[in-house]
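Just so you know, we're using UniProt numbering here: the sequence shown kicks off at 1 and counts up by one. Virtual Cβ for every residue (Gly too), placed ideally from N, Cα, C. Worksheet: one structure, shown below.
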Amino acid sequence: MTNVSRKMSDYCKLSRLELHILSIVLFAVLVFVIVLADSLACDLLFNSVACETKGDRLGLQILEAKQRVDGANNGSSMPPFNLTWLKNKLPDLDMLKARRITQKFDERVREVLYDDHQQCQVQFFMIWIFPASLFGRREFSALESIFKAHPKACLIILSETLDSIQGFMLLKPLLDRGYRVAPVTPDLLYLFKNTSAEAWFNDILSGNRNPGEVPLAQNLSNLIRLVVLYKYGGVYLDTDFIVLRDFSRLRNVIGAQSADLNGNWTRLNNAVLVFDKNHPLLYEFMEEFQLTFDGNRWGHNGPYLVSRVVERLATNMMLHKYNFTVLPPMAFYPVDWNRIDGLFMRTSNPKWTKAKLRQITGGDTYGIHLWNRQSSRTKIEEGSIVATLIADHCIICQNVSSS
Numbered sequence: 001m002t003n004v005s006r007k008m009s010d011y012c013k014l015s016r017l018e019l020h021i022l023s024i025v026l027f028a029v030l031v032f033v034i035v036l037a038d039s040l041a042c043d044l045l046f047n048s049v050a051c052e053t054k055g056d057r058l059g060l061q062i063l064e065a066k067q068r069v070d071g072a073n074n075g076s077s078m079p080p081f082n083l084t085w086l087k088n089k090l091p092d093l094d095m096l097k098a099r100r101i102t103q104k105f106d107e108r109v110r111e112v113l114y115d116d117h118q119q120c121q122v123q124f125f126m127i128w129i130f131p132a133s134l135f136g137r138r139e140f141s142a143l144e145s146i147f148k149a150h151p152k153a154c155l156i157i158l159s160e161t162l163d164s165i166q167g168f169m170l171l172k173p174l175l176d177r178g179y180r181v182a183p184v185t186p187d188l189l190y191l192f193k194n195t196s197a198e199a200w201f202n203d204i205l206s207g208n209r210n211p212g213e214v215p216l217a218q219n220l221s222n223l224i225r226l227v228v229l230y231k232y233g234g235v236y237l238d239t240d241f242i243v244l245r246d247f248s249r250l251r252n253v254i255g256a257q258s259a260d261l262n263g264n265w266t267r268l269n270n271a272v273l274v275f276d277k278n279h280p281l282l283y284e285f286m287e288e289f290q291l292t293f294d295g296n297r298w299g300h301n302g303p304y305l306v307s308r309v310v311e312r313l314a315t316n317m318m319l320h321k322y323n324f325t326v327l328p329p330m331a332f333y334p335v336d337w338n339r340i341d342g343l344f345m346r347t348s349n350p351k352w353t354k355a356k357l358r359q360i361t362g363g364d365t366y367g368i369h370l371w372n373r374q375s376s377r378t379k380i381e382e383g384s385i386v387a388t389l390i391a392d393h394c395i396i397c398q399n400v401s402s403s
C-alpha cells in the first residue's frame with residue numbers, strides 16, 4: 001500500500017506541475033494574441049491618441065490576464081506567478097512606461113481647469129476604467145446631469161479608453177454645445193509621486209504586495225479619486241451618479257450611505273467626494289489605503305476605508321482638526337443599494353411615484369447614486385422614477401428607457 005500511495009502522490013504532484021506548465025503556455029499565447037491585436041489596431045489608427053497609449057493599455061491588459069491565470073492556479077500547491085516575473089520577462093510592456101500622452105497629463109488637466117478666459121463654475125472628476133464601447137446612455141446621462149446643474153462646470157474624465165477617437169465621438173454632442181469635458185489618460189507616476197500611494201504602487205509592481213482577487217483596476221480607481229482631489233481639489237463623482245442640484249456651495253464633504261434612528265451615520269461611501277486641494281482628510285485616506293490594503297475584499301479599500309478612517313478620528317476626538325462635514329444619506333444616497341431596483345420599474349401607483357419623486361428631489365438631496373454594481377442589468381422602464389429623474393436633468397435627452 002505504501003508504494004501505491006507514493007505513486008499516487010507522485011502522480012498528483014506531476015499533474016499539478018503539468019497544469020501549472022500548461023497555464024504558463026496559455027498565458028504566453030494570450031500575451032501574443034493581445035500584442036498582435038493591439039499592433040494591428042494601432043496600425044489602422046496610427047494617427048489617433050489611442051496609439052500613443054498602446055503600451056500603457058497593453059500593459060494593463062497583460063497584467064489583468066496574468067491575474068486571471070494566477071486565480072486559476074490558486075487551487076494547486078504551486079505558487080502563483082510573481083509580478084516580478086512579468087516585469088522581468090516583458091519589460092517593454094510595463095504599464096507605467098512613460099508615453100507622450102501621459103507625460104502631458106498635468107498640462108492637459110490645467111488647460112481645462114485653469115483657462116484664463118473661462119473660469120470653472122465647479123471642477124468635477126470622474127474615472128472610467130472600462131472599454132469605451134461600454135460607456136452607454138446611462139453613463140452619458142450622468143455627464144448631462146452635471147452640466148444641466150452647472151453649465152460652466154469643467155469635467156475631467158480620467159480614462160485611457162475614452163481618451164481616443166471613439167471617446168471623442170461619444171462626447172462630441174456635449175463638446176459641440178460648448179461644454180468643457182475632457183477625457184485624459186492618467187499619468188499614475190505623476191499622480192502618485194510624493195504621496196503614500198507611490199509606495200503602495202511600487203510594491204504592487206515589484207511583486208512585494210499581493211494585488212488580490214478584486215480587479216486591480218477597481219482598487220486603482222479607489223486610490224486615484226483620492227489622489228486627484230488631493231492634487232487638484234474639486235468634486236469626484238462615480239459615473240452612475242445623477243446630479244440633481246448645484247454643488248457650488250459644497251466644501252469638504254463626504255456622504256453617509258446609511259444612518260441609525262438617531263441620525264448618526266453607520267456607513268460612509270466614496271462615490272461622491274468634495275474636497276479642497278491638499279485636504280488633510282484625503283491624506284489620511286491615502287495613508288489608510290497604503291497601510292491596510294486588502295485586494296481580496298470588495299469595498300475594503302473604498303467605502304469601508306473612508307468609514308474606518310472617519311470613525312477612528314471620531315473615537316480619538318480629532319474630527320475638529322480636519323474641517324469637513326458628513327452629510328446625511330439623503331444628500332447623495334437617498335435610496336440604498338438593496339432598494340434601487342424598484343426605482344427602475346414603472347409602478348401602477350402614480351401617487352406613490354409622485355411622492356417618492358418629491359422625497360428624492362427635496363431640498364436636502366444633491367443627487368442620486370444608481371448603484372450600478374447592483375442595477376446594471378435592470379432595465380430602465382418608461383415612466384419609472386429613474387427615467388423621470390434622467391429626463392428632468394438631461395441636455396441631449398436621449399431615451400434611456402429599456403437601456
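Check, Outcome
"Using a Cβ-Cβ cut-off of 8 Å (strictly less than) and excluding sequence neighbours within five positions of residue 260, which residues of its own chain qualify?", "266"
"Between which two residues does the beta strand (DSSP E) containing residue 388 stretch?", "Taken as a continuous stretch (DSSP letters only), residue 388 belongs to no beta strand (DSSP E), being part of the alpha helix (DSSP H) at 385–392."
"If we count the other Cβ atoms within 10 Å of its Cβ and call it buried at 16 or more, is residue 291 buried or exposed?", "exposed"
"Near residue 209, what residues of its chain come up, given a Cβ to Cβ distance below 6 Å and the 5 sequence neighbours on each side ignored?", "203"
"Do residue 161 and residue 132 count as a contact pair if the criterion is CB distance below 8 Å?", "yes"
"What does residue 123 pair with, by DSSP beta-bridge criteria?", "154"
"Residue 396: which of 235, 166, 140, 200 sits nearest, CA to CA?", "140"
"Under 8 Å: do the segment 242–253 and the segment 155–171 share three or more Cβ pairs, one atom per stretch?", "no"
"Taking the straight line between their C-alpha atoms, what separation do you get for residue 332 and residue 124?", "15 Å"
"Under the rule that 16 or more other beta-carbon atoms within 10 Å means buried, what is residue 388, buried or exposed?", "buried"
"Check whether the segment 289–303 and the segment 192–202 touch, using three or more Cβ-Cβ pairs below 8 Å as the test.", "yes"
"May I have a chain-ordered list of the alpha helix (DSSP H) segments no shorter than 4 residues that lie completely inside the UniProt domain \"Alpha 1,4-glycosyltransferase\" (275–399)?", "280–292, 303–315, 329–332, 350–360, 372–375, 385–392"
"Note the first and the last residue of the continuous beta strand (DSSP E) segment covering residue 241.", "241–243"
"If contacts are defined as beta-carbon pairs under 8 Å, then residue 344 and residue 375 qualify, I think. What distance do you get, rounded to the angstrom?", "6 Å"
"With a threshold of 6 Å on Cβ separation, who are the neighbours of residue 391 within its own chain once the five nearest residues in sequence on each side are excluded?", "none"
"If I measure Cβ to Cβ from residue 323 and keep anything under 7 Å in the same chain, skipping five residues before and after, which residues do I get?", "252"
"On the DSSP letters alone, give me the boundaries of the beta strand (DSSP E) that residue 180 sits inside.", "180–184"
"Need the endpoints of the beta strand (DSSP E) that residue 236 sits in, please.", "234–237"
"Here's the rule I'm using: 16 or more other beta-carbon atoms within 10 Å means buried, otherwise exposed. How should residue 130 be labelled?", "exposed"
"May I have the straight-line CA-CA distance separating residue 135 from residue 379, to the nearest angstrom?", "16 Å"
"Between which two residues does the alpha helix (DSSP H) holding residue 164 run?", "From DSSP, residue 164 is part of no alpha helix (DSSP H); its letter is neither H nor E."
"Rounding to the nearest angstrom, what Cα-Cα distance links residue 178 and residue 223 in this structure?", "31 Å"
"I think residue 327 touches residue 275, with their Cβ atoms under 8 Å apart; what is that distance to the nearest whole Å?", "With a Cβ gap of about 13 Å, residue 327 and residue 275 do not count as contacting."
"I'd like the span of the alpha helix (DSSP H) that includes residue 112, first residue to last.", "105–113"
"Could you check the C-alpha separation between residue 239 and residue 159 for me, to the nearest Å?", "12 Å"
"Buried or exposed for residue 128, going by 16 or more other Cβ atoms inside 10 Å?", "buried"
"Quick one: what does DSSP say residue 253 is sitting in, helix, strand or coil?", "strand"
"Please list the terminal residues of the continuous alpha helix (DSSP H) segment that includes residue 200.", "196–206"
"Buried or exposed: where does residue 257 fall if 16 or more other Cβ atoms within 10 Å of its Cβ makes it buried?", "buried"
"Which residues in the same chain as residue 294 place their Cβ atom closer than 6 Å to its Cβ, once the five residues preceding and following it in sequence are excluded?", "300"
"May I ask which residues mark the beginning and end of the alpha helix (DSSP H) holding residue 143?", "137–149"
"Buried or exposed: where does residue 368 fall if 16 or more other Cβ atoms within 10 Å of its Cβ makes it buried?", "buried"
"Using 8 Å as the threshold, is the C-beta distance between residue 393 and residue 111 below it?", "no"
"Going by the beta-carbon positions, is the gap between residue 174 and residue 181 smaller than 8 Å?", "yes"
"Taking DSSP's pairing of strands, which residues face residue 265 in a bridge?", "259"
"For residue 105 and residue 183, which I take to be in contact (beta-carbon distance under 8 Å), what is that distance rounded to the nearest angstrom?", "Not quite, the Cβ-Cβ distance comes to about 12 Å (not below 8 Å), so this is no contact."
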